[in-house]
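Reading the sequence shown from the start, the letters are residues 1 to 310 in the working numbering.
Virtual Cβ for every residue (Gly too), placed ideally from N, Cα, C.
All of these numbers come straight from a predicted model, not from anything done at the bench.
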Amino acid sequence: MSDKIYIVGHKSPDTDSVCSAIALARLKELMGADNVVPCSAGKLNKETEYVLNYYGVAIPEVLESVEAKQKLILVDHNEYGQAVAGADQAQLVQIVDHHKVGGFQTSEPLYVRIEPVGSTCTIVAQEYKEKGLVPEKAIAGILLAAILSDTVIFKSPTCTELDKTIAAELAAIAGVDPKTFGIDMFKASSNIAERTPQSMIEEDLKAFTMGPHKVGVGQVSLMGLDGFEEVRANLTAAIEAHRVAQDMRYLCLMITDILTDTTELIVKGDNPEEVAKAFGKEIVNGSVDLPGVLSRKKQVVPQMTTYFQA
């Protein structure tokens with residue numbers, strides 16, 4: 001077991017989980033820590049690769065499992081089902097997150113900061129301010145990118161005034177226009193031809209316990225749906241194969257078009273009509289049409305959880 005403290009986000013890492021780990025590690029270094037290691041819980045997606053490359057930030061090491069009693073800081077999640085293997089036996093020393101509390105248990109007290117904001121990076125940026133520190137340009141840039149990603153350039157219902165205020169401050173440090181950079185960032189990850197069906201499923205997939213069921217909900221955000229119909233058949237087949245392999249009752253993939261603020265929820269499972277009922281909708285060709293839906297956290301998972309727990 002290492003004496004290092006690993007900082008890591010959830011499996012199927014997204015930009016917020018990776019950038020919050022990097023930025024929090026840097027904050028702790030500025031405060032004198034020399035044993036913190038930012039990590040990614042898996043391969044980076046195209047969007048995160050673009051962000052880190054744009055700001056010249058090193059790709060963090062991949063951490064997919066930890067030994068018992070290993071010191072660990074969780075960012076952007078707090079459920080063991082979304083954490084790296086072994087996290088439930090690790091020594092958790094801190095959690096920084098913006099999601100609902102997932103019923104985790106620990107053997108010792110720890111620092112927990114969970115706030116109802118649009119991005120974990122908003123909270124990390126706040127911690128810099130509270131400690132009287134200013135993040136370097138690159139760190140400010142990746143913090144901003146994560147906020148733009150999670151709030152869908154401030155359009156998501158999860159976005160708060162604090163997210164917008166912090167983003168403006170970070171943009172000034174990074175020297176970019178938030179909207180322009182956000183659009184460029186989403187465009188960089190919207191080329192469907194460069195992605196495999198499996199990568200689309202796994203790039204932002206989270207597992208949840210909803211009533212008695214294990215349910216997966218993933219999300220792919222696109223700037224328009226050019227080329228999507230050409231991959232639909234292979235993608236839906238891959239979703240079903242992944243659902244079976246992971247022993248999930250349902251696996252749903254949100255195909256979110258940022259240009260039109262709409263989501264198509266592709267549903268695979270024993271009785272897809274059940275999922276549609278959670279939204280008061282019907283299944284059409286294996287999907288549920290959800291206009292105005294951008295947020296998994298606020299507009300999809302709560303509705304499904306409430307339905308399956310009833």
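DSSP puts residue 311 in a beta bridge; with which residues?
What the structure shows of the chain is the stretch from 1 to 310, and residue 311 is not part of that stretch, so it cannot be assessed.
Assuming residue 273 contacts residue 283 under a Cβ cut-off of 8 Å, what Cβ separation, rounded to an integer in Å, is found between them?
Distance from residue 273 to residue 283 at the Cβ level is roughly 5 Å; contact confirmed, criterion being Cβ atoms closer than 8 Å.
Residue 55 by DSSP, collapsed to three states: which one?
In the structure shown, the three-state DSSP call for residue 55 is coil.
Pick helix, strand or coil for residue 211, following the three-state DSSP scheme.
In the three-state reduction of the DSSP assignment, residue 211 falls in the coil class, being assigned neither a helical nor a strand state.
Rounded to whole angstroms, how far is the Cβ of residue 80 from the Cβ of residue 94, which I believe are closer than 8 Å?
Incorrect: roughly 16 Å between the Cβ atoms, too far for contact.
With distances taken Cα to Cα, identify the nearest neighbour of residue 177 among 206, 140, 198 and 158.
Of the candidates 206, 140, 198 and 158, the one whose C-alpha sits nearest the C-alpha of residue 177 is 140.
Throw me the rounded Cβ distance for the residue 73 and residue 98 pair, which I believe falls under 8 Å.
About 15 Å; that fails the 8 Å criterion.
Is DSSP giving residue 121 helix, strand or coil here?
Helix, per DSSP.
What's the C-alpha gap between residue 123 and residue 65?
Roughly 26 Å separates the two Cα atoms.
Measure the CB-CB distance between residue 9 and residue 17 and report whether it falls below 8 Å.
Between residue 9 and residue 17, the C-beta spacing is below 8 Å.
Name the one or two DSSP bridge partners that residue 38 has.
According to the DSSP secondary-structure assignment, residue 38 is paired through a beta bridge with 7.
Using three-state DSSP, classify residue 257 as helix, strand or coil.
DSSP places residue 257 in the strand class (E or B) of the three-state scheme.
If we count the other Cβ atoms within 10 Å of its Cβ and call it buried at 16 or more, is residue 179 buried or exposed?
By the neighbour-count criterion, in which 16 or more other beta carbons inside 10 Å mark a residue as buried, residue 179 falls on the exposed side.
Spatial neighbours of residue 87 within its chain, please: CB distance less than 8 Å, with the 5 preceding and 5 following residues excluded, ordered by chain position.
If we look at residue 87 and ignore the five residues flanking it on each side, its Cβ neighbours are 66, 72, 74 and 80.
Starting from residue 231, trace the alpha helix (DSSP H) both ways and give me its first and last residue.
Taken as a continuous stretch (DSSP letters only), the alpha helix (DSSP H) holding residue 231 covers 228-245.
Confirm, please, whether the CB-CB distance from residue 189 to residue 146 is below 8 Å.
No; because the gap between Cβ atoms is not below 8 Å, this pair is not in contact.
Cβ neighbours of residue 214 in the same chain (closer than 7 Å, five flanking residues each side left out):
207, 247, 248 and 249.
Indicate the three-state DSSP secondary structure (helix, strand or coil) for residue 143 in the structure shown.
Of the three classes helix, strand and coil, the one that applies to residue 143 here is helix, per DSSP.
Can you round the beta-carbon distance between residue 62 and residue 39 to whole angstroms, since I take them to be within the 8 Å contact cut?
That belief holds up - the Cβ atoms of residue 62 and residue 39 are roughly 7 Å apart, short of 8 Å.
DSSP bridge partner residues for residue 113 (one or two, in chain order):
In the DSSP output, where bridge partners are listed per residue, residue 113 has 96.
So the candidates are 117, 116 and 92; which of them puts its Cα closest to the Cα of residue 107?
Looking only at 117, 116 and 92, the smallest Cα-Cα distance to residue 107 is reached by 92.
Is it buried or exposed for residue 268, if we count other Cβ within 10 angstroms and need 16 for buried?
Residue environment: residue 268 is assigned as buried (16 or more neighbouring CB atoms within 10 Å of its CB, all protein chains considered).
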